[in-house]
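Have a look at the structure below before the remarks.
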Amino acid sequence: MSEIRQLGKRDYDAIFNLSQYAFQYVLSDEELEKKKEETARHIIWGAMESEQIAAKLHLIPLQVYIQGKVFNMGGIASVATWPEYRRKGMIKDLLHHALNYMKANGQYISYLHPFSVPFYRKFGWEIAFAEKNYSIPMDTLKKDWKAKGYVKRMGENIPVLQEIFQSFAIQFNGPLRRDEKWWKERIFNKKKVVAVAYSENHEAEGYLLYNVKEKKVEVEEIAYLSINGLRLLMQFIANHDSMAENVEMVVAENDILPLFVNEPRFDQKLQPYFMARIVDVWSFLKHFPFKPGLEDNSLFIQIEDEFLPENSGLYYIEINNGSTSVVYNPSVNSGQFGIRCQIQQLTSMLLGYNRPKELYEIGLIHGNANEVEKLEKLIPSGQTYFPDFF
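Take 1 as the starting number for the sequence shown in full-length UniProt numbering and just add one per residue.
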């Protein structure tokens with residue numbers, strides 16, 4: 001095992017040399033300075049060989065919404081190795097180091113954008129978010145949307161956008177709780193046009209972040225707080241019909257726009273996006289807002305976590321008056337009761353990307369069918385959505 005060392009500002013040149021090589025981009029001096037400012041929030045570890053960085057991993061401390069509750073999340077990013085040091089287990093060691101750090105610092109869940117899904121599945125991450133892309137002929141949106149209010153283009157008014165985004169995001173599972181620094185460094189790191197929809201009472205009801213070029217309206221982000229807000233934004237896009245022939249848009253998996261147009265057979269592409277992993281099973285279960293109301297609100301779950309075996313074991317969960325108690329036993333379940341699953345499936349179920357019955361029917365979780373039905377009822381429904389990137 002290589003020495004793992006926390007890196008700092010003195011290592012920035014070496015860090016970004018590796019990033020540019022591994023991810024095949026070139027930064028100008030100005031872009032490099034912006035990257036260094038952005039990296040100030042990162043915790044960076046390097047696997048060292050002869051006092052040189054052989055591999056590295058960035059951890060970004062963030063917060064996310066899950067069932068309306070805020071959880072601390074550790075974002076894994078910029079994982080890279082020089083080619084002469086690859087396939088020596090350095091990334092495995094860095095991931096293990098990062099997970100232990102997260103667990104010690106109250107980050108109960110972790111996200112990452114995978115270069116390879118099978119690679120990160122080996123270490124306990126699982127697909128938890130999908131990205132839906134629309135390509136819509138402008139004629140599809142050209143109609144009277146019967147919206148009440150108006151849309152106003154404006155500059156980067158982060159307080160207005162943040163208020164809308166927070167109210168929009170909290171209805172989903174998994175989106176970031178953005179701060180001002182994130183808006184400045186990650187959302188407005190490239191030029192975008194901002195349009196905000198207002199009701200007749202001058203209350204903000206939604207926004208678009210977009211650009212118009214090459215006869216296309218490219219909507220990078222849309223958020224709305226009401227159907228009227230959605231109608232206002234669609235009418236605003238349709239008003240670009242003399243400038244654009246097509247609209248490209250990234251939306252949540254359960255987006256309802258096709259229900260509002262006469263011809264919904266436009267190009268819709270759904271593909272897996274980010275992965276997630278529960279870092280500390282006991283703490284996550286303890287803080288997760290299970291749905292009470294069953295006659296029997298208790299459950300046994302046997303978890304297998306090969307990469308972090310301290311998570312493996314039997315968990316007895318009991319929900320009373322909105323409070324959850326969790327008893328952990330590291331011994332192996334006899335298999336006579338309860339549910340058995342891997343850490344990947346536990347993450348997928350609790351975030352709402354997959355349902356317990358669905359996973360049970362295809363053999364990815366095991367156990368008593370009645371207990372699976374109980375878990376199905378205890379986990380609130382909720383669509384996952386992650387409109388960010390790192």
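Beta carbons: idealized from backbone N, C-alpha and C, even for Gly. Given the structure is predicted, the values throughout are model-derived calculations rather than measurements.
I think residue i touches residue j, with their Cβ atoms under 8 Å apart; what is that distance to the nearest whole Å?
i, j, result
"Lys192", "Asn211", "6 Å"
"Asp305", "Ile343", "4 Å"
"Asp93", "Ser2", "7 Å"
"Glu221", "Pro387", "6 Å"
"Ala238", "Ser110", "That pair is no contact at about 41 Å."
"Leu95", "Gly75", "Not a contact, Cβ separation roughly 13 Å."
"Ala54", "Met48", "6 Å"
"Glu253", "Leu225", "19 Å between Cβ atoms; not a contact."
"Trp45", "Ala98", "7 Å"
"Val326", "Leu285", "5 Å"
"Ser331", "Tyr316", "Incorrect: roughly 12 Å between the Cβ atoms, too far for contact."
"Ile158", "Ala223", "No, Ile158 and Ala223 are not in contact; Cβ-Cβ is about 13 Å, not under 8 Å."
"Tyr385", "Phe129", "7 Å"
"Lys357", "Glu371", "Lys357 to Glu371, Cβ: 11 Å. No contact."
In the DSSP assignment, the beta strand (DSSP E) including residue i goes from what residue to what residue?
i, result
"Glu318", "Gly313 to Asn320"
"Tyr210", "Ala204 to Lys213"
"Tyr224", "Lys216 to Tyr224"
"Ser325", "Ser323 to Asn329"
"Ile91", "Careful: Ile91 lies outside any beta strand (DSSP E), inside the alpha helix (DSSP H) at Met90 to Ala104."
Per DSSP, which residues does residue i bridge with? Please list them.
i, result
"Val64", "Phe71 and Leu176"
"Ser135", "Glu248 and Asp267"
"Ile256", "None; Ile256 has no bridge partner."
"Met154", "Val194"
"Gln342", "Glu304"
"His58", "Ile44 and Ala77"
"Arg277", "Ser110"
"Thr384", "Asn173"
"Gln24", "BP columns for Gln24 are empty, so no partner."
"Arg5", "Gly46"
"Ser298", "Glu318"
"Ala130", "Pro272"
"Ile53", "Met48"
"Val366", "It is His, not Val, that sits at residue 366 in the sequence shown. Note: His366 sits in a beta bridge opposite Arg340."
Roughly how many whole angstroms lie between the Cα atoms of residue i and residue j?
i, j, result
"Met349", "Ser381", "10 Å"
"Phe260", "Lys56", "47 Å"
"Phe119", "Asp139", "43 Å"
"Pro137", "Val251", "16 Å"
"Val194", "His113", "27 Å"
"residue 461", "Lys374", "There is no way to answer for residue 461, as the model of the chain reaches only from 1 to 390."
"Gln67", "Ala77", "25 Å"
"Ser242", "Gln235", "14 Å"
"Gly322", "Ala244", "51 Å"
"Gln24", "Glu30", "18 Å"
"Arg231", "Arg355", "32 Å"
"Lys69", "Glu84", "44 Å"
"Asp13", "Asn133", "36 Å"
"Ile227", "Ile187", "25 Å"
"Asn311", "Val160", "41 Å"
"Asp255", "Gly352", "16 Å"
"Lys35", "Glu185", "9 Å"
"Glu37", "Trp82", "24 Å"
"Asn368", "Leu346", "16 Å"
"Leu378", "Arg5", "42 Å"
"Ile362", "Arg121", "18 Å"
"Phe300", "Leu314", "7 Å"
"Phe115", "Tyr65", "25 Å"
"Phe123", "Glu263", "44 Å"
"Gln271", "Ile43", "30 Å"
The alpha helix (DSSP H) that contains residue i, what's its start and end?
i, result
"Phe168", "Ile158 to Ala169"
"Ile237", "Ile227 to Ala238"
"Arg121", "Val117 to Arg121"
"Val372", "Ala369 to Leu378"
"Tyr360", "Pro356 to Glu361"
"Glu185", "Counting along the chain, Glu185 falls outside any alpha helix (DSSP H), and DSSP gives it neither H nor E."
"Asp29", "Asp29 to Glu38"
Would you call the segment 212-220 in contact with the segment 241-251, where contact means no fewer than 3 C-beta pairs closer than 8 Å? yes
Is there contact between the segment 281-296 and the segment 174-186, where contact requires at least three CB pairs shorter than 8 Å? no
Counting Cβ pairs closer than 8 Å, one from the segment 162-172 and one from the segment 286-293, do we hit at least three? no
Are three or more beta carbon pairs between the segment 199-211 and the segment 143-157 nearer than 8 Å? yes
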